[in-house]
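Some notes on the structure that comes next.
Residue numbers (the UniProt record's numbering): 1 to 1019.
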């Protein structure tokens, strides 16, 4: 305590005064008997206002726009330039990213990575964002986490490399370009042709890839831009062809006719990740793309109809379906062999009502549950996954009744040409006319929706390319089981094993134009009769090749003819995007060539991404890495949460809650948000819906927060296993934190003027100085645990003590900025560069990260300073309770006597304080108020206790939540009674010192400590 309290004799009380606010409050209390309640805070108080007063103010004093005068790539000149009065993120963040990149701080040489110990290297490949459009906040979270880790490792002196890239995103990018083409020119891709359409897609890619790179830089990504990649550049394309051929040669890639997810709108097969599922509880009407836009179609119903039994026209078998239109392709009716209701129909047929086709009644105990419904099931092998398996087991005919765009084909007879859900309505009416319709009822169902087009997924049987994943899945599971591969958080291991234990062969072909064209060629011999490439017996005519010449050689050898006798036709389909994405960790380093980069940087150390693509992307990378390179592509998988809006909703353009990180960094008006919607691909109705959402969420637009606040806010939100419900208002709070940091350094810099120069080894100098004192040693000790910025008081002591205090302040600033840099790179660089003196590195980004300093931790000093903080906090609380003015400058001295007219307050079991109230408070009024309060509490408490006692006898009748509420209320009343009683005693008894306690007396804003004297404690 010696450093905190001045050793002086008794000091006479200083006359105190009430603050103006306290005087007004007292006057209101005297007049009204109570105080006016506080005005509720506006939830959008952080947003820029747009009322007339604000406009008028802005007109008279417009904000001066920042102009960046630093040439690109050069270091910002801040020498001899005063700090702005307040934090301006645009000005602070300008130029640093260009200078960091130009200085080569983010690169990693082959020599450094080769020389690094295994635990002192950090290599990570960025999850490549799709070139479909701008980055959203989910991407911002990804790069905030990865950049913080990368900067931290770099500051630790590790060999560090972060590789940037973008993904072509086949189906997603083609879809948005097609929508834009239709909206702006009224054309389809087929109107342009493949070559011209792909030119448009490349133009789109170049435009949005450039925008994505700009967003990366704006957020402060410390990636090595010299190594940036795109998933369809030459290196990646070569890797894709090589991988396909290698898997084909090993028999893992094959072509087969199977059931797949089909988007009629996009006319392509889809992977599971491209299918969203919605649960329908009851009869629901939905709009369907490609159908009448003015009509909605019925889902969530089970329709029953009858098939007439051949030879017994008065007998029907009743079946039910949720997809009535598929009955046009029925080729069987299944019953359970043990069902007595249908024993007499074994081996018989029913007649299709629209084409007269004979449909066999088959026995299938696998598919049929005879206790469910009628016990009879219609079988459509070409349009249902379960029926597909049943059809194969029972050799049923596969009848496809749909065209690729979802219309009924020639197999639908009189319904041909109708769109599938219009046909559903027509079939129902036709069945009713024939007396075969038996009604419908609500039915819960799960409906697959194309994530890109909103179309209802149609299961279709088509020839596609597949990858056998069985062994690769086993190897991936073994890697996690054996702890060779770590998944963080560990809870996601269950998802990993659940998916991989039930792995299916992976459909890798897509009926698109944009993407990696499948390097497979169908071979024909000149002069031979036509061979259908889609027939089952033509599979041996397909040849994979890294080039057409390579495939020709393989075909020549297999078919036994000269190369010039071979005619090749390349498959027109492209590969699933996840094929090339699965190769990223090694393709970006030159694989399949054994390059220096591949040898030095592969495998990487970490894969950080969202948990939603653990199976669809992460597992694919593990598959490919282990199979093609013999190594895991990374050691650790770190999965972050999903970013949702503040209501917990998924980010969706139609909801208007998708936010571009740049809109938060630079701010965005509501009108500009509207314009972006209008220029997008949303239909007019969706645009209006989105505008309503934006107006509700951002009534004043989005305020300017800066990249540092965005990054820090996202990092602060992150909790493993829980989604992030992002409130923009909280990000504004972190912008205010940046402002506090700015002002703290600005304040501290004013105390480092006058020729101050940091010592060469400032930390050691401060620690060894004999006049460091308790305050300074306390700061250093706390710095060892949390090393955070403070606002230390530079007192007017002797020159040596002042210099030591300045050195301590400098250490706090310099260490604190380095600690914060990985999370807030821009503001920390700006402030670090402004600190006085020279440092060993040119930039904070390559400065050493602070580590614990031996000898700084001092528990005794920390305990003493914590006591000082407790005393100050308690004294301020007591002073605030009586609305005493804060204008008096505190002074402190030791005293043996407590002046009369004080209120007492215990800080802890060792310290008590008194506040001098003589002449400031009307004790008679205070006592009267407290007595009234006690009088009011007593009956309320007695009544509650009686109620609770009665409830104890009837626990079964009293809900748990009521009992808990009563218990909490009882504690509150008892606490209020105790506090009121203690306060009452303090007003009627003379102040004295508790036995064994050190006592501090607050005298009109001054602290006075005095000796010991017995004080009888109140009961």
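Glycine included, C-beta positions come from ideal geometry on N, C-alpha and C.
Because the structure is a prediction, the values reported are computed rather than measured.
{"Asked": "Assigned exposure category for residue 167 - 16 Cβ within 10 Å defines buried", "Found": "buried"}
{"Asked": "Residues sharing a beta bridge with residue 543, DSSP", "Found": "521"}
{"Asked": "Three-state secondary structure (DSSP) of residue 858", "Found": "coil"}
{"Asked": "C-beta contact flag for residue 911 and residue 861 at 8 Å", "Found": "no"}
{"Asked": "Whether residue 164 touches residue 228 by CB criterion (8 Å)", "Found": "yes"}
{"Asked": "Helix, strand or coil at residue 718 [DSSP, three-state]", "Found": "coil"}
{"Asked": "Beta-bridge partners of residue 460, as assigned by DSSP", "Found": "260"}
{"Asked": "Beta-carbon proximity of residue 221 to residue 143, cut-off 8 Å", "Found": "yes"}
{"Asked": "Stretch-stretch touch, CB-based, cutoff 8 Å, three pairs: the segment 328-338 with the segment 290-297", "Found": "no"}
{"Asked": "Exposure of residue 1020, with buried meaning 16 or more beta-carbon neighbours within 10 Å", "Found": "The chain is shown only over 1 to 1019; residue 1020 falls outside these bounds and no answer can be derived."}
{"Asked": "Any non-hydrogen atom of the ligand COA within 7 Å of residue 468 CB", "Found": "Inclusion of the ligand COA in the displayed structure is not the case, the ligand content being empty and no account of it being possible."}
{"Asked": "Collapsed DSSP secondary structure at residue 793 in the structure displayed", "Found": "Because residue 793 carries a pLDDT of 39, less than 50, the predicted location of this residue cannot be relied on, and the following value inherits that uncertainty. It is coil, neither helix nor strand."}
{"Asked": "For residue 823 and residue 813, the rounded distance between their alpha carbons", "Found": "16 Å"}
{"Asked": "Where residue 598 falls: helix, strand or coil (DSSP)", "Found": "helix"}
{"Asked": "Start and end residues, beta strand (DSSP E) containing residue 131", "Found": "Taken as a continuous stretch (DSSP letters only), residue 131 belongs to no beta strand (DSSP E), as it is neither H nor E."}
{"Asked": "Reduced DSSP secondary structure (H/G/I, E/B, other) of residue 943", "Found": "helix"}
{"Asked": "Cβ neighbour criterion (16 or more within 10 Å) applied to residue 125", "Found": "buried"}
{"Asked": "In DSSP terms, what residue 304 is bridged to", "Found": "320"}
{"Asked": "Residue of 351, 317, 357 and 349 minimising C-alpha distance to residue 341", "Found": "317"}
{"Asked": "Where residue 914 falls: helix, strand or coil (DSSP)", "Found": "strand"}
{"Asked": "Expected contact under 8 Å - CB spacing of residue 378 and residue 319 to nearest Å", "Found": "4 Å"}
{"Asked": "Sheet register partners of residue 163 (DSSP bridge)", "Found": "125"}
{"Asked": "Cut-off 8 Å between Cβ atoms - residues of its own chain near residue 941, not counting five sequence neighbours on either side", "Found": "970, 973, 974 and 977"}
{"Asked": "Residue 609: first and last residue of the uninterrupted beta strand (DSSP E) it sits in", "Found": "606-610"}
{"Asked": "Those residues which DSSP pairs with residue 279 across a bridge", "Found": "446"}
{"Asked": "Beta-carbon spacing of residue 636, residue 597 below 8 Å", "Found": "no"}
{"Asked": "Residue 341, DSSP secondary structure in three states", "Found": "helix"}
{"Asked": "The segment 242-256 contacting the segment 454-473, beta-carbon criterion three pairs below 8 Å", "Found": "yes"}
{"Asked": "DSSP state of residue 327 mapped onto helix, strand, coil", "Found": "helix"}
{"Asked": "Residue 115 versus residue 853: straight-line alpha-carbon distance, rounded", "Found": "27 Å"}
{"Asked": "Residue 457 beta carbon less than 8 Å from that of residue 275", "Found": "yes"}
{"Asked": "Under 8 Å between C-beta atoms of residue 171 and residue 266", "Found": "yes"}
{"Asked": "Which listed residue (851, 907 and 203) has its alpha carbon closest to that of residue 866", "Found": "907"}
{"Asked": "Delimiting residues of the alpha helix (DSSP H) encompassing residue 834", "Found": "825-834"}
{"Asked": "Identity of the residue in 729, 540 and 439 nearest residue 306 by Cα", "Found": "439"}
{"Asked": "Straight-line Cα distance separating residue 523 from residue 260", "Found": "26 Å"}
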